[in-house]
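Protein chains in written order, with the UniProt record's numbering: chain A, 1 to 201; chain B, 1 to 201.
Cβ coordinates follow ideal geometry from the N, Cα and C atoms, glycine included.
(1) Answer with yes or no whether the minimum CB distance from residue 138 of chain A to chain B is below 7 angstroms.
(2) Figure out for me which residue from A:163, A:49, A:53 and A:63 has the closest Cα to the Cα of residue 133 of chain A.
(3) Out of curiosity, what's the CA-to-CA distance linking residue 227 of chain B and residue 104 of chain B?
(4) Under 8 angstroms between beta-carbons, which chain B residues line up against residue 133 of chain A? List them in chain order, please.
(5) Leaving out five residues before and five after residue 1 of chain A in sequence, what residues of the same chain have Cβ atoms less than 7 angstroms from its Cβ?
(6) If the criterion is Cβ atoms closer than 7 angstroms, does the pair residue 179 of chain B and residue 84 of chain B meet it?
(7) How would you write the range of the alpha helix (DSSP H) that residue 101 of chain B sits in, first residue to last?
(8) Rounded to whole angstroms, what's the CA-CA distance from residue 69 of chain B to residue 92 of chain B? Just pull it up for me.
(9) Along chain B, in chain order, which residues have C-beta atoms closer than 8 angstroms to that of residue 181 of chain A?
(10) With DSSP run on the structure shown, which of helix, strand or coil describes residue 259 of chain B?
(11) Using beta-carbon positions only, say whether residue 106 of chain A and residue 146 of chain A come within less than 7 angstroms of one another.
(12) So, does the CB of residue 169 of chain A fall closer than 7 angstroms to a CB anywhere in chain B?
(13) Going along the chain, which residues of its own chain have a beta-carbon closer than 7 angstroms to the beta-carbon of residue 126 of chain B, five neighbours each way excluded?
(14) I need the boundaries of the alpha helix (DSSP H) containing residue 138 of chain B, first residue and last residue.
(15) With distances taken from CA atoms, which of B:131, B:58, B:19 and B:71 is nearest residue 108 of chain B?
(16) Is the Cβ-Cβ distance between residue 57 of chain B and residue 13 of chain B less than 7 angstroms?
(17) Who are the near neighbours of residue 52 of chain B in its chain, counting only those whose CB is closer than 8 angstroms to its CB and skipping five residues on each side?
(18) Using a Cβ-Cβ cutoff of 9 angstroms, what residues of the region 85-113 of chain B are near chain A? List them in chain order.
(19) Count the C-beta pairs between the region 71-88 of chain B and the region 135-145 of chain B that are closer than 8 angstroms, then say yes if the count reaches three, no if not.
(20) Could you tell me the distance, in whole angstroms, from the CA atom of residue 124 of chain B to the CA atom of residue 130 of chain B?
(21) Would you tell me roughly how many angstroms separate the C-alpha atoms of residue 185 of chain B and residue 184 of chain A, rounded to the nearest one?
(22) Output yes or no for whether 7 angstroms exceeds the beta carbon distance between residue 120 of chain B and residue 120 of chain A.
(23) Is there a Cβ of chain A sitting closer than 7 angstroms to that of residue 151 of chain B, yes or no?
(24) Please name the residue in B:175, B:159 and B:28 whose C-alpha comes closest to that of residue 99 of chain B.
(25) Rounded to whole angstroms, how far is the Cβ of residue 47 of chain B from the Cβ of residue 8 of chain B, which I believe are closer than 8 angstroms?
(26) Measure the alpha-carbon distance for residue 88 of chain B versus residue 71 of chain B and round it to whole angstroms.
(27) Taking only the alpha-carbon atoms, compute the straight-line gap between residue 36 of chain A and residue 10 of chain A and give it to the nearest angstrom.
(28) Apply the 10 Å Cβ neighbour rule to residue 55 of chain A and answer buried if 16 or more other Cβ atoms are within range, or exposed otherwise.
(29) Can you name, in chain order, every residue of its own chain whose Cβ lies under 6 angstroms from the Cβ of residue 165 of chain B, other than the five neighbours on each side?
(30) Measure from the alpha carbon of residue 157 of chain B to the alpha carbon of each residue in B:168, B:174, B:75 and B:167, then state which is nearest.
(31) Can you tell me whether residue 1 of chain A is helix, strand or coil according to DSSP?
(32) Would you call the CB atoms of residue 28 of chain B and residue 34 of chain B closer than 7 angstroms?
(33) For a contact defined as C-beta to C-beta under 8 angstroms, what are the partners of residue 178 of chain B on chain A?
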């Protein structure tokens with residue numbers, strides 16, 4: 001029986017990224033990824049349910065960071081402020097030294113529909129989890145869904161910006177800016193609604 | 001050679017919904033769907049690339065309705081107001097008499113991961129198309145993405161509410177309410193940001 005190896009998932013993910021990049025996603029088997037770091041196929045499948053999952057190692061930690069961020073927000077914070085608070089704590093999950101590896105990972109995902117699909121699925125699950133965490137704080141169902149999905153929109157857009165080759169701002173700074181932009185857009189629309197109500201006879 | 005039949009896609013979709021519901025999605029073949037309405041498998045594949053696509057017939061019309069809605073919004077409308085305008089025109093696409101069929105369709109999709117995945121993909125594509133349409137109006141890239149994705153959030157949540165068994169409000173009314181709720185949430189968060197700036201030393 002193979003001994004448990006500390007850090008095996010991280011090593012498997014690193015090897016998978018290299019193989020997916022150099023040889024291609026379809027052309028790489030789970031056995032080959034395992035072999036590259038001296039592990040067996042069986043060990044691979046003890047950590048990951050399939051070849052795609054290896055790129056989403058760490059997702060559970062990200063989900064937990066969101067949930068913890070929602071729980072740690074000040075009690076008086078409104079639903080979207082709670083989400084903004086959670087986004088800020090999650091952004092520390094992606095320090096700048098992680099940017100090169102995140103870029104490689106994303107470029108592999110972007111090239112493969114099966115991986116993009118898995119990523120969309122993960123984001124949907126994340127939104128549901130954040131909405132549940134908001135409801136635990138007493139936020140109503142509709143508000144919780146809207147706030148959670150708006151948070152995912154801000155996170156998704158910010159993350160893509162953070163990965164751009166020329167980008168040097170931290171994920172936290174980008175997220176703050178994108179979130180502020182969303183509030184500005186909503187403010188403009190609310191002014192428009194008020195103006196049209198005022199105009200009505 | 002089979003003659004072109006008007007309404008073949010609609011008839012195929014209706015037959016597919018019945019078969020998917022009674023027999024199950026996996027157990028139904030494209031040939032059987034075609035046969036149920038007196039068409040050949042070849043005709044099926046002239047209309048749809050695979051068995052999943054038959055449930056998304058009409059998607060292209062929905063996309064076009066969004067694009068037309070964005071283009072038809074008043075020139076002075078802000079990005080999110082444009083999206084609200086487009087949502088209102090799209091909601092007429094789903095009159096109340098369409099609700100029973102939409103419910104059946106959604107329950108089939110909800111039961112099958114492969115169909116849910118296709119639906120998520122369609123929504124992502126729709127968001128990208130709406131963002132492009134906003135850019136055509138001169139909206140900046142970040143604002144266009146945020147406004148388009150917020151619109152999809154409102155549309156997605158509203159559509160699920162519209163399909164609930166007990167629901168009697170029109171999709172237009174639900175969409176208006178959900179959109180208003182989003183603006184309220186953003187307004188509360190903006191007030192919070194202003195308050196914390198005012199509190200800063």
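This is what the structure holds:
(1) Position 138 of the first chain, counting from 1, holds the residue named residue 138 of chain A. Put simply, the CB of residue 138 of chain A is far from chain B, with every gap to its CB atoms at 7 angstroms or more.
(2) Here the question's residue 133 of chain A lines up with position 133 in the first chain. Per the Cα distances, A:63.
(3) A question about residue 227 of chain B goes unanswered here, because the residues of chain B that appear run from 1 up to 201.
(4) Locating residue 133 of chain A in the first chain gives position 133, where the first residue counts as 1. Chain B residues near residue 133 of chain A: none, gap ~16 angstroms exceeds 8 angstroms.
(5) Here residue 1 of chain A corresponds to residue number 1 of the first chain, with the count starting at 1. Reliability of the predicted coordinates at residue 1 of chain A is poor, the pLDDT of 47 falling under 50, and no value is obtained from them.
(6) Start at 1 with the first residue of the second chain, and residue 179 of chain B comes out as number 179. Start at 1 with the first residue of the second chain, and residue 84 of chain B comes out as number 84. Against a cut-off of 7 angstroms, the Cβ pair of residue 84 of chain B and residue 179 of chain B comes out as a contact.
(7) In the second chain, counting from the first residue as 1, residue 101 of chain B sits at position 101. Element bounds for residue 101 of chain B: 99-111.
(8) Your numbering for residue 69 of chain B matches position 69 in the second chain. Your numbering for residue 92 of chain B matches position 92 in the second chain. It is roughly 11 angstroms from the alpha-carbon of residue 69 of chain B to the alpha-carbon of residue 92 of chain B.
(9) In the first chain, the residue the question calls residue 181 of chain A occupies position 181. Residues of chain B passing the Cβ test: 142, 143 and 146.
(10) Here chain B comprises residues numbered 1 to 201, so residue 259 of chain B is not present and cannot be evaluated.
(11) Residue 106 of chain A sits at position 106 when you count from the first residue of the first chain. Residue 146 of chain A sits at position 146 when you count from the first residue of the first chain. Between residue 106 of chain A and residue 146 of chain A, the C-beta spacing is not below 7 angstroms.
(12) Position 169 of the first chain, counted from the first residue, corresponds to residue 169 of chain A. Interface flag for residue 169 of chain A against chain B is unset, since no Cβ pair is found closer than 7 angstroms.
(13) Residue numbering aside, residue 126 of chain B sits at position 126 when the second chain is read from its first letter. Once the five neighbours on either side are set aside, the close Cβ partners of residue 126 of chain B are 63, 66 and 152.
(14) For the purposes of this step, residue 138 of chain B is taken as residue 138 along the second chain, with counting starting at 1. No alpha helix (DSSP H) holds residue 138 of chain B; DSSP gives it neither H nor E.
(15) Numbered from 1 along the second chain, position 108 holds the residue referred to as residue 108 of chain B. Ranked by how close their Cα comes to the Cα of residue 108 of chain B, the residues B:131, B:58, B:19 and B:71 have B:19 in first place.
(16) Taking the first residue of the second chain as position 1, residue 57 of chain B is located at position 57. Taking the first residue of the second chain as position 1, residue 13 of chain B is located at position 13. Against a cut-off of 7 angstroms, the Cβ pair of residue 13 of chain B and residue 57 of chain B comes out as a contact.
(17) For the purposes of this step, residue 52 of chain B is taken as residue 52 along the second chain, with counting starting at 1. Excluding residues within five positions, the ones whose Cβ falls inside 8 angstroms are 114, 115 and 118.
(18) For the region 85-113 of chain B, the set of residues with a beta-carbon nearer than 9 angstroms to any beta-carbon of chain A comprises 113, in chain order.
(19) A contact exists between the region 71-88 of chain B and the region 135-145 of chain B.
(20) Residue mapping note: residue 124 of chain B aligns to position 124 of the second chain, counting from 1. Residue mapping note: residue 130 of chain B aligns to position 130 of the second chain, counting from 1. For residue 124 of chain B and residue 130 of chain B, the distance between alpha carbons rounds to 10 angstroms.
(21) Position 185 of the second chain holds residue 185 of chain B. Position 184 of the first chain holds residue 184 of chain A. C-alpha separation (whole angstroms): 12 angstroms.
(22) Residue numbering aside, residue 120 of chain B sits at position 120 when the second chain is read from its first letter. Residue numbering aside, residue 120 of chain A sits at position 120 when the first chain is read from its first letter. With contacts defined as CB atoms closer than 7 angstroms, residue 120 of chain B and residue 120 of chain A qualify as a contacting pair.
(23) Locating residue 151 of chain B in the second chain gives position 151, counting from the first residue. The beta-carbon of residue 151 of chain B is placed no less than 7 angstroms from the nearest beta-carbon of chain A.
(24) Here residue 99 of chain B refers to the residue found at position 99 of the second chain. Among B:175, B:159 and B:28, the Cα nearest to that of residue 99 of chain B is on B:159.
(25) Within the second chain, numbered from 1, the residue matching residue 47 of chain B stands at position 47. Within the second chain, numbered from 1, the residue matching residue 8 of chain B stands at position 8. The pair is a contact, with the Cβ atoms about 6 angstroms apart (cut-off 8 angstroms).
(26) The residue labelled residue 88 of chain B in the question sits at position 88 within the second chain. The residue labelled residue 71 of chain B in the question sits at position 71 within the second chain. Going by the C-alpha atoms only, they are around 13 angstroms apart.
(27) The residue you call residue 36 of chain A lines up with position 36 of the first chain. The residue you call residue 10 of chain A lines up with position 10 of the first chain. Approximately 13 angstroms, taken between the alpha carbons.
(28) Here residue 55 of chain A corresponds to residue number 55 of the first chain, with the count starting at 1. By the neighbour-count rule (16 or more Cβ atoms within 10 Å), residue 55 of chain A is buried.
(29) If you number the second chain from 1, residue 165 of chain B lands on position 165. For residue 165 of chain B, where only same-chain residues beyond five positions count, there are no Cβ hits under 6 angstroms.
(30) As a first step, residue 157 of chain B is located in the second chain; it is residue number 157 there, counting from the start. Residue 157 of chain B has its Cα closest to that of B:174, out of B:168, B:174, B:75 and B:167.
(31) What you label residue 1 of chain A is simply residue 1 of the first chain in a count that begins at 1. Legend: pLDDT at residue 1 of chain A = 47, less than 50; position of this residue unreliable, no value from coordinates given.
(32) Numbered from its first residue, the second chain carries residue 28 of chain B at position 28. Numbered from its first residue, the second chain carries residue 34 of chain B at position 34. At the C-beta level, residue 28 of chain B and residue 34 of chain B stay beyond 7 angstroms of one another.
(33) The residue you call residue 178 of chain B lines up with position 178 of the second chain. Within chain A, the residues placing a beta-carbon under 8 angstroms from that of residue 178 of chain B are 142 and 146, ordered along the chain.
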